[in-house]
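One structure is given here, and the rest of the page talks about it.
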Amino acid sequence: MAGFGPNELSSYLAIGAVLFVLGLFTVLTRRNAISVLMGVELILNSANVNYVAFSRFSSGGVDGQIYGIFVIMLAAAEAAVGLAIVLAIFQIFHTIDVEGAQTLKE
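For the sequence shown, numbering that gives the first Met the number 0 assigns the number 0 to the initial residue and increments by one for each residue that follows.
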């Protein structure tokens with residue numbers, strides 16, 4: 000019987016969905032650039048949970064775990080580049096509010 004238990008795929012998918020929704024909500028509602036980066040990290044972690052869960056509950060291959068490691072490396076690179084951009088914006092505009100950097104749109 001499918002349900003929510005520690006050894007059920009649906010439990011991991013629910014956790015991944017909650018992480019994705021929280022990350023998307025954070026990205027769409029926050030004006031602070033650091034908060035936006037944290038939201039993107041939540042979205043990437045939701046993908047990791049799903050990759051590892053499908054790897055665990057599928058034929059037993061390690062493909063999902065390899066994708067998970069790749070996403071972790073991608074998230075680390077995203078954080079480094081994102082923080083560098085935030086620091087550059089702060090040096091120019093003296094704020095990390097994403098609405099404050101309007102001249103980048105022009």
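Backbone N, C-alpha and C fix where the C-beta goes; we use that ideal spot for every residue, glycine too.
Let me confirm a value: residue i is counted as buried when at least 16 other C-beta atoms fall within 10 Å, else exposed. Which label applies?
i: Ser148; result: Within the shown structure, residues of the chain are numbered from 0 to 105, placing residue 148 beyond reach of any answer.
i: Asn6; result: exposed
i: Thr28; result: exposed
i: Gly4; result: exposed
i: Val61; result: exposed
i: Leu106; result: Residue 106 falls outside the range modelled here, since the chain spans only 0 to 105, and no answer is possible.
i: Phe36; result: Here residue 36 is Leu; the residue named in the question, Phe, does not match the sequence. Classification of Leu36: buried, given that the 10 Å Cβ count is 16 or more.
i: Ala52; result: buried
i: Ala32; result: buried
If I'm right that residue i touches residue j with Cβ under 8 Å, what's the distance once you round it to whole angstroms?
i: Val48; j: Leu73; result: With 8 Å as the limit, Val48 and Leu73 do not qualify as a contact, their Cβ atoms being about 15 Å apart.
i: Ile95; j: Ile84; result: Incorrect: roughly 10 Å between the Cβ atoms, too far for contact.
i: Tyr50; j: Gly63; result: 4 Å
i: Gly22; j: Leu41; result: 3 Å
i: Leu43; j: Val70; result: 6 Å
i: Arg55; j: Val97; result: About 37 Å separates the two Cβ atoms, so there is no contact after all.
Alpha helix (DSSP H) containing residue i: first to last residue?
i: Asp96; result: That residue, Asp96, is in no alpha helix (DSSP H); it is neither H nor E in DSSP.
Nearer than 7 Å: is that true of the beta carbon of residue i relative to any heavy atom of the ligand ZN?
i: Val26; result: The ligand content of the structure shown is nil, which means the ligand ZN is not present either.
Go through the stretch 22 to 97 residue by residue and report every complete run of the alpha helix (DSSP H) that reaches 4 residues or more, in order.
Contiguous alpha helix (DSSP H) elements confined to the stretch 22 to 97 occur at 32 to 56, 62 to 92, taking only those with 4 or more residues.
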